[in-house]
Every structure is written in C-alpha cells, then in structure tokens.
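Using the working numbering, read the sequence shown as starting at 21 and increasing by one per residue. Worksheet: one structure, shown below.
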Amino acid sequence: MAANGAHHDRIAELHAGGHSGSGGSNEASRATSPGPAASGIDRGDADLSVDIARLGRTRPRIFPYEKYLPYETETREQREADVNEMIKNLYVAVASGDFVPGAVHWTKEIRGWMSLKFDLTKKQRIALVKLYYELCLAPGLEYAVAERFASMFMVLTKRKHYLRPGVDLVLDWRPLYKELKVFVLPSESSTQNTYSSKRNVRTLTKLCTFAQLFFDPREIPAMLDEFLPYYSMSFSEHAFVVLGLLNLLLPTSAPPDGEEKLQPQYYLPTFFHLWATVNRSMMVDMRFLDIFSRQARDCLGSEVVPFGPYGLFSEEQSSLIYTAVLRLLEIPVGQATTPYSGSVDLGAGTALFLERDPRKHPVSHSIARWIVMSLSPHCLSPATESNPNNKSRSVLHQLEGLIQGIETFFHPSNSGSWTKPLSQLIYYLSDFFVMRWNREQSGEYVVPEDRKLNEEVRRRFVLCLRDVVFMGIYAKSGTAMNYSLSTLQSLAYLEPTLILPGALQRIYPAMQGLVEVHRTVSSIRALQMLSRIIATTKGFRCHLTTLLGLALPGIDANDLDKTMHSLAFIQSVCYNIPLHDLSKTPRLEKSELNGDYEMIDDDSSVRPSSDSAGTALAVEWITSQVARFETEGPGIEIDYSSELTPEDEETILKSSTAGFAEFVISFLGRVFTLLQNLPDAARVKSGSPEENVVNTLPAAFSPLLASLSPELYDIALEHVAKFVSNHVVHQARDAMAFIVNALVKISPRKALHRLLPDLMTSIRTEISENGAGSTRTTGSEILPRDRALVWNVSLLSMCVVHVGRDVLDFQEELFDLANFMQDHCRGIPLVHVSNFVHHLLLNLTVTYTMDYRLFEKQDMRHGGLTPDCWGKVPDPAELNINWHVPSHEEIDFAVKVFEAQAGRALKALGELIKDDGSVIKRDGVGKDWSDEMSRNLVLLRLTISGCSRLFRSEDGTVSPEYTMVEKESSGEEMEVEGVGRTGKKEAGADEETEDDLLGLGPQEEDEKVKRTFHYPTGYPLEIGSPQY
21 MAANGAHHDR
31 IAELHAGGHS
41 GSGGSNEASR
51 ATSPGPAASG
61 IDRGDADLSV
71 DIARLGRTRP
81 RIFPYEKYLP
91 YETETREQRE
101 ADVNEMIKNL
111 YVAVASGDFV
121 PGAVHWTKEI
131 RGWMSLKFDL
141 TKKQRIALVK
151 LYYELCLAPG
161 LEYAVAERFA
171 SMFMVLTKRK
181 HYLRPGVDLV
191 LDWRPLYKEL
201 KVFVLPSESS
211 TQNTYSSKRN
221 VRTLTKLCTF
231 AQLFFDPREI
241 PAMLDEFLPY
251 YSMSFSEHAF
261 VVLGLLNLLL
271 PTSAPPDGEE
281 KLQPQYYLPT
291 FFHLWATVNR
301 SMMVDMRFLD
311 IFSRQARDCL
321 GSEVVPFGPY
331 GLFSEEQSSL
341 IYTAVLRLLE
351 IPVGQATTPY
361 SGSVDLGAGT
371 ALFLERDPRK
381 HPVSHSIARW
391 IVMSLSPHCL
401 SPATESNPNN
411 KSRSVLHQLE
421 GLIQGIETFF
431 HPSNSGSWTK
441 PLSQLIYYLS
451 DFFVMRWNRE
461 QSGEYVVPED
471 RKLNEEVRRR
481 FVLCLRDVVF
491 MGIYAKSGTA
501 MNYSLSTLQS
511 LAYLEPTLIL
521 PGALQRIYPA
531 MQGLVEVHRT
541 VSSIRALQML
551 SRIIATTKGF
561 RCHLTTLLGL
571 ALPGIDANDL
581 DKTMHSLAFI
591 QSVCYNIPLH
601 DLSKTPRLEK
611 SELNGDYEMI
621 DDDSSVRPSS
631 DSAGTALAVE
641 WITSQVARFE
651 TEGPGIEIDY
661 SSELTPEDEE
671 TILKSSTAGF
681 AEFVISFLGR
691 VFTLLQNLPD
701 AARVKSGSPE
711 ENVVNTLPAA
721 FSPLLASLSP
731 ELYDIALEHV
741 AKFVSNHVVH
751 QARDAMAFIV
761 NALVKISPRK
771 ALHRLLPDLM
781 TSIRTEISEN
791 GAGSTRTTGS
801 EILPRDRALV
811 WNVSLLSMCV
821 VHVGRDVLDF
831 QEELFDLANF
841 MQDHCRGIPL
851 VHVSNFVHHL
861 LLNLTVTYTM
871 DYRLFEKQDM
881 RHGGLTPDCW
891 GKVPDPAELN
901 INWHVPSHEE
911 IDFAVKVFEA
921 QAGRALKALG
931 ELIKDDGSVI
941 KRDGVGKDWS
951 DEMSRNLVLL
961 RLTISGCSRL
971 FRSEDGTVSP
981 EYTMVEKESS
991 GEEMEVEGVG
1001 RTGKKEAGAD
1011 EETEDDLLGL
1021 GPQEEDEKVK
1031 RTFHYPTGYP
1041 LEIGSPQY
C-alpha cells in the first residue's frame, strides 16, 4: 500500500505542472536556437504574458484556420473540456498500470487532437512532457510501448517556441544516463551483458537530442564529475564513450547570472585539452564541433556570457576549430588523401552506439552553426592599440581566409570526395545566416544590440561566398548543384544587388544558346530559384518577361530534362507575378457569362497580339543591359533603385508586359507539340523522364492559367478548346485531362459553356457512328477504334470535378449522356464512364475551395492590377476564401444520378446472380457473365465512393446494424450528439476535483476505454430533412 501511495503521490506531483522555476512564465520566449537563457527577459506585455502563460506558444500561428472554414466548428471550451478528459483518462490509466491499451490509446487521442492544430496550455504541456519522459524510461515497461511514449515526448518538445528551457521546464539527466550506461559502459552497470537490454539505443540517442535542451546548466559540474573519471587514452574506448556522453547530455544553454564556474569559458579549456589528447580522429572532431556549435547558438542571446570577435571563443581556440574544419572537409593536401588515421576510430568500440546519424546530422551543419552563431558586429572592430596590425581579425576574417584557400576545389572540373561536403557547408552557412537574420529582424531572437547582425556583416558574408557559389551551380554532381542553387537563392535574398547582376551575366548567354547545353540547364534551374527575388526587386523584375521568352525553347520533346526545368521555372514565375498587360488602361465590366469582373481595353481596336509597339521600350532597355553585363567584369554590382527613378522603372516594366499574349500563344503551341511527341503511357517506366514531364505539366499550368488576365485567359481557352476537339493524343490523355481541369477551375461557367457541348457531341458521334466501345477488350490495351471515345470521356470527367455548381447548367445533358454511355459501351471504355459518374458525384457532394485566382476580386475591381502586385504576399489573416458548399439543387441532382446509376448496377447484379431467369448464362464458355459482373461492381463501387460524403454511419436510425454491433462490443449505450461527437458527459459532471483527475475519486462504472472524440466536418445535409 505504501508503494502504491508513493506512486499516486508521484503522479500528483507530475500533474501539478511546472517545477519551481515556472514562476517566470510571464517572460517572453527566445524561440529556437539561439536558446533562451535561464535568466530570461521580462517584456512587461500583459496581454502577451497571459497568452504565453495560457497557450504555451509565443509564435502565433500563421493561418487562423477556424476563421476560414465554411462551417461552424466546435467551441474552444468544448475542445479544452475534451483534452482535459483525455488527460484525466491518461492519468487514470497510468495510475492503474493499464499501459496497453489504456495509456497507449489516450496517447494516440491526445496526439490526434494536437494534429488538428489545437494547442495545449503551457501547464498541460509541462505536465505531459514530464510524464512521458518518465514513462519512456520507466523500468519494467514493454519496450514497444516505451517507444510509443518516447515518440510522444519528442512530439511535445519538438517545437522550441512552446517551452523555455530553464524557465518553464527542467528535466533530470540521470534516468537517461542510466539507460545509456548499459550500452556504453557495460562493466560499470548492474548487468555485464551489453546486449541484454531490449531497448533501442537509437531511440535513446534521439531522446537525448530533445531532452538535452531542458537539462539544468547547474548540473554541468555533476556531469563532469560523473563522466571524466572514465576518460583514459590507455583504454581509448572509454575516452570515445565520455566524449559521446558529453555531446548527448551536456546542457549548452546559458548559465544563471553570478555562477562563474558555469560559464562556458570556465570549462572550454578542459574540452580543448581533451581534444588535444586524441589526434587524427574524425569522430572526435565531429563531436567537439557539435558541442561548440550548440554552445555558440544557445549562449548568443545571453548578456551574462562574454562575447567578442570570435564569439564565445578566444582567437587561439577559434584557429584550432578552423583547422579541424579544414580536416573534416576532406580536401587532399600534397600526396595524402585524408588527414585522418583509420586505426584511431576503430578503437571507439561501444561509443559507436552514441553516434548521431551522419546523414541527418552532417558535420557541415555543425560547422556552419558554429560560424554563423559566432558572427556579430564585433567582427568588424578596427585595430586597437595593443594589436595595431591585427585589424579586423575575427571569425569572419578566418572564414574569408578559409573560403579563399579552398576556392579552386569548388570549380566544376575539380570534383572529388570533397565536392559534396564543400557545397553542403556553403548551403548551411547561408541557410543559418538567413534564419538568424530574419529572426533577429522580426524580434523572435532576443539578442543584445551589440551582437545583432548588421548590413555591413551581411554584405561581407555574401561577398565571401559569392564567387564559389557561381562556380558551384555548374557542378557535375547533382547533389552539389542542388546545394549551390539553394545557397544562391539565400544569398540573393540577403543582397540582391550583389548576386542578381552576376547571375544574369551568366544566365543570358546560356539561355541564348551561346554556351554548352549543361550550362543552359543549370541556368534555367538558377532562374527558377531566383524567380521570386527577381520579381520583387525593382529594376531586375523588368528582365523577367524576357527570361520567360528565352525559357520557351527549353520545352523540347528531345530533351525532357531541360523541358522539366523550363516548366518548373515558368510555374515559379507565375506563382509570383500576374500575367496582365500593364501597358494598357483597363476598364472593368461584369461578364454575363461567369459573373466575374473582366478587364476590357478602352481602345478596342488594339488586339492583344499587336504588341510590337508596346514592347519596344523594354526591348531597347534589355538589350542595353545585356551588353552591359558582357562588358562588366566578374565583380559586377548594380543597384537599379539608385540608377532608375520609380517612374522610369515602372514604365519599362509596363512595356515589358505587353508581350504576354505572344508568350501565352507560343507556350501553348510548344506544349501541344510536346504532348504529340510523347511515347505511349503503357510503355513508360515508372519514374522515367516521360512520366515526370506528364506530372509536371499540370503543376505548371495551374499557376499559369490562374495568373492570366481575362483577355489572355480567353486566348488560352480558345486554343485548348480547338486542340482537344481536333486532336486525339492517346499517349497524353491524362496530362491533357489535368490541363483542361486547371482551365475550367479558373472560370468554370465560361469554360464549361465552351468545352462541354463539343465533348458531349463527340462522345455521342463516336458511339453512334463509329461503333466505339461496342466490343469486349482484354488486358489494359485500348483499341484504336475506342481511343477517341476514351479521350473525350477522360476530358469530360476532369471538366466536371472540383469546378462547383456551374455543372447544373448541363444537368439534363450529363444525366442522359451517362445513361446513354452505360447502355451502349462495353470493355475498358466503360471503366472511364463509371469514373465520369464518380467525378460528377464528387463535384456535387464534397466541400472544397473554388478560389484558384492569384488575386482577390477586390484587387481586380479597384482600378485593376499595378506593378506593386508583382511578388506581393497576401496577408494570411485577411484572405477571402471562396468555398464550394453543396447546395440543395446539387444534392438533389447527386441523389438522382446516384439512384439511377447505383439502381442500375444493383438491378443488373440481382439478375446475374439468379439461379434461373438470367439473360446471360454462366456456362463457363464465354466471358460475358464475368464482364457484366465486374462492370457493375466497378460502377457500384465508384458511385458509392462519389456519394460517401452524404453517409453517416454513426446514425442509428439509418444504420441499425452498425449501432447494434457498437453496443454489443462496448457493453453500453453511447449517446450521439448532432455534431457527431460521441461520449458526452452527463450534466453536473463538468467540474472534477484533482482526485477525480488523478483517478483517486469515485470512478464511473464501466468506463469505455477506447472511446474516441469526433468534431464537426461540415456535413452537407440537414439532419431530419427530406433529403437526409
């Protein structure tokens, strides 16, 4: 009993919430890395403090999800009551020892609740983190169950903006160390056999990664006292083990004020001494770099820790680290291929258990983190009296020296084992710099003013990496090229005037076909990465329409790799700019066809295609700029904001947009030629370039069509309509169907009125006059006679899915056509017919978004779009989302189609399974019976799937068998609420005492363990209505 009482006391202590330090919960978070100091900073914002204390997150969600949903959601009170009940049941299960299924089930429920973007309060999160930390390390628990609890612990601590280390939560490192000790120091643990433990050591090392943030810096002396006695180079295995334990368990967050012996500078000399005792070991170098980089990150925001030109480190320490960096980059020096000795790391023994996965934690990541988190304006400090010749010696100066020294190894012709680590290093350097810059500018990182990155540091950093990045984007290795392209994007974001001129200087000759083909592909990929930055940078955005035109020849059936990258570039541009001719003054008229606002030119005599006069100014300016790029040297820098007045820049931009009509027509022509030259889909292997192109085409068309102005959309609609009615390209059927679907989604009424009559006429003609679909087919091959029918049915299927209520304009024609095709078709075409019915039902019964335009309608109404719309990012809190919610008319039509098609299938199936009286005999000779059976089963499956949104299986009045089974399995009756949430508590059970929460009070009889919680999802029918 005493033990049981102690167990309940422990649970009560956990449930009571944060440790004694949580009194500082009103302090603002320092977010992720650099981690917050334990001392914290009080911002004194009362509202924010209340929100932080209650919600436990200091970074607000980007999207207000509930605000945009098209149906009533549950209240916050109901959500909180539900999660309280889940936590109560979890604690009851743990207190009673019911880990499986009890605790595991409630863990899954809480995880599901969190996945709906609901936030635990800070108190709940602290209590759950502590509980799961103890559960996943509890002795005697099944290891598979402990893995589940460990996973939940990681989910709760994954995001760093919920709990502040040292302020909200402190964890004990000893239970984790005790479990690790079994693996790495078996002679010191109670069991002599390392492998007797069934725990997964990988899970333990991952746990360390998440828990390490919350270990108390005051425990550092105790950790060193525990680990260092095992350190000995006489038995090198223990030395490796000690370094592994330090890397996994040592807390690196800033120490409390006034604790001199907890300052990093106090124990760093010890670490450098230990490092000096192990020579030529890659494993040791990686571990120390990991420790030092986290130390630099976590202490950056603390004013308690001294900071200088080398960050936390001295010049000598920094030089030692840079020497190790040079070793780790695998750059050959002289005759030696590697500076490391293979035999040293062979002595690591059980320390290998403590290794982090090098693919997920590459050493370049640690190097870059250490360098970027050590940067500050101190790096720019001028000469001092004591060091007159040592001007600006700093971590940045050393980085410049390193990059300059290894510059030749970035050249595409000089590739080897060093290529990937080098490209990875510059990628992580730029990535960390952008992250730190953005978070400091937004105020998410609370960093002392004298340590904040400034524009001069930013400029020197970009100049340091610029030349090597321009070499890296042409690397032979695909991986190295990807890293370099991402780096180019980051550097252009930081300093567009330094990067974009050099990029365009290299891209223009490549796009004009003046250099090797592989440089053209690299240039197109670079353009794709830079498209957003070009679109938002004044002056450079005037180049964009010319670059779009130069990308068109890249769409070529003979070079599918280049085609794919060209399409990706066009897609990227269309996501960022409207393809609207800004050179004309539009007036707005409401279209009678689709009720939308259209931009009509005042001068109706000017056709969209006659744009030679409109583009003249832009062409002349671009030509002069290309000539300028050719004459300027490699260090080119252009700042158009100082060279061009805003009015001149806008005039050039407007002139450049006059060529969009020509671009759209050329683009469609090239795509149609490409589709006609693709191989047959049946012969294409999975993952081949042909398949990738077919998948990329619809992805490129969606933003392109969404960004078109109304008059350009009409041009595109007319070209696509003519192509689909005059051609049958069997091998490109699916790609064309997706393109047509993208076209219809933008302006459903206009597109349906243009496309559907032709498609429906063609289908009837093919069946009636050409006999398509009249014979049985074997295998998956479509007969040549049936190809036109399947082409038209496939296009029709994609015309009527996710396009809204405008299909009701054709409801009689579509209903009659579905019946006509079912009556006259056999074989494979019939599967496509059933798919058409499935798509039609989905369109009518499902809730989905109807907003595919790039801009809000009010933006179009207020004088049309302007150059300011280029690269504009909409405010996530001010969106107007147009939802399709099924109307009464749509549901009536869906029910009519469903009854006709499902009724037909059920009647036919009934006839087929009769013992006598069936029209088709089961004589075992022909295939007629099995054909009819399978076609009707397929039709039934697809119609049920299409209408599945209307079914409510939990309603006992509709599904009595389901309810009966449910009652039998649970042994109790469950109430069902109108919103679909089961398990409602009785009145008066709202308020529980702490005893009830902990399972110590009176229990409810026969509590149902596996109860789940349901929330409203916008059920389209009104309960009890005639339709229901």
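Cβ coordinates follow ideal geometry from the N, Cα and C atoms, glycine included.
DSSP places G425 within a helical segment (H, G or I) once states are collapsed to three. According to the DSSP assignment, Q1047 belongs to no alpha helix (DSSP H), since it is labelled neither H nor E. Taking a cut-off of 8 Å for Cβ pairs, the stretch 349-363 and the stretch 277-285 do not touch, as fewer than three such pairs fall below it.
The beta carbon of V958 is closer than 7 Å to those of V851 and S854 in its chain, skipping five residues each way along the sequence. Beta-bridge analysis with DSSP links T869 to W903. Remark: C-beta atoms of A736 and L763 approach each other more closely than 8 Å. Sequence-distant Cβ neighbours of Y250 in its own chain, meaning closer than 6 Å and more than five residues away, are H258 and V262. Taking 8 Å as the upper bound for CB-CB distance, V744 and L637 are not in contact here, some 38 Å apart.
In terms of Cβ geometry, L732 and L599 form a close pair [threshold 8 Å]. The residues R774, L775 and D778, in chain order, have a CB closer than 8 Å to that of A741 in the same chain once the five nearest residues on each side in sequence are set aside. Cβ-Cβ distances below 7 Å link V749 to L695, Q696 and M756 in the same chain, with the five nearest sequence neighbours on each side left out; the list follows chain order. Non-local beta-carbon contacts of F840 in its own chain, meaning distances under 8 Å to residues more than five positions away in sequence, involve R784 and I787 in chain order. Listed in chain order, the non-local C-beta contacts of I940 below 7 Å within the same chain comprise L932, D948, W949 and E952, local neighbours out to five positions each way being set aside. Within the model, the alpha-carbon separation for L960 versus A838 is close to 14 Å. Scanning L340, L442 and I658 for the CA closest to the CA of Q418 turns up L340. G328 is bridged by DSSP to G331. DSSP, read as helix, strand or coil, puts P185 in strand. Here the alpha carbons of L248 and S394 stand approximately 28 Å from one another.
Residue pairing for F235: DSSP places it in a beta bridge opposite L191. C-alpha of L200 to C-alpha of S506: approximately 38 Å in a straight line. Distance between D879 and A647, taken at the CA atoms: about 38 Å. Look at L157 here: in three-state DSSP terms it is coil, with no helix or strand label. The alpha-carbon separation between V905 and R969 amounts to approximately 12 Å. DSSP, read as helix, strand or coil, puts L728 in strand. Taking the C-beta atoms as reference points, V467 is found nearer than 8 Å to G321. Residue state for L550 is assigned as helix, using DSSP reduced to three classes. A contact between stretches requires three or more CB pairs, one per stretch, nearer than 8 Å, and the stretch 917-934 fails this requirement with the stretch 891-908. Within a 10 Å sphere around the beta-carbon of R873 sit 16 or more other beta-carbons, which makes this residue buried. In this chain, the alpha helix (DSSP H) harbouring G132 covers V124 to S135. Within its own chain, the residues whose Cβ lies closer than 7 Å to the Cβ of N109, once the five positions on either side in sequence are excluded, are W126, listed in chain order. Taking a C-beta distance under 8 Å as the contact criterion, C889 and S727 do not qualify as a contact pair. In the structure shown, the three-state DSSP call for L599 is strand. In this structure, the straight-line span from the alpha carbon of E97 to that of P284 is close to 46 Å.
Inclusion of L508 and A523 in the CB contact set at 8 Å is warranted, their separation being smaller than that value.
For Y503, the enclosing alpha helix (DSSP H) starts and ends at G498 to L514. CA-CA distance, V454 to E652, rounds to 29 Å.
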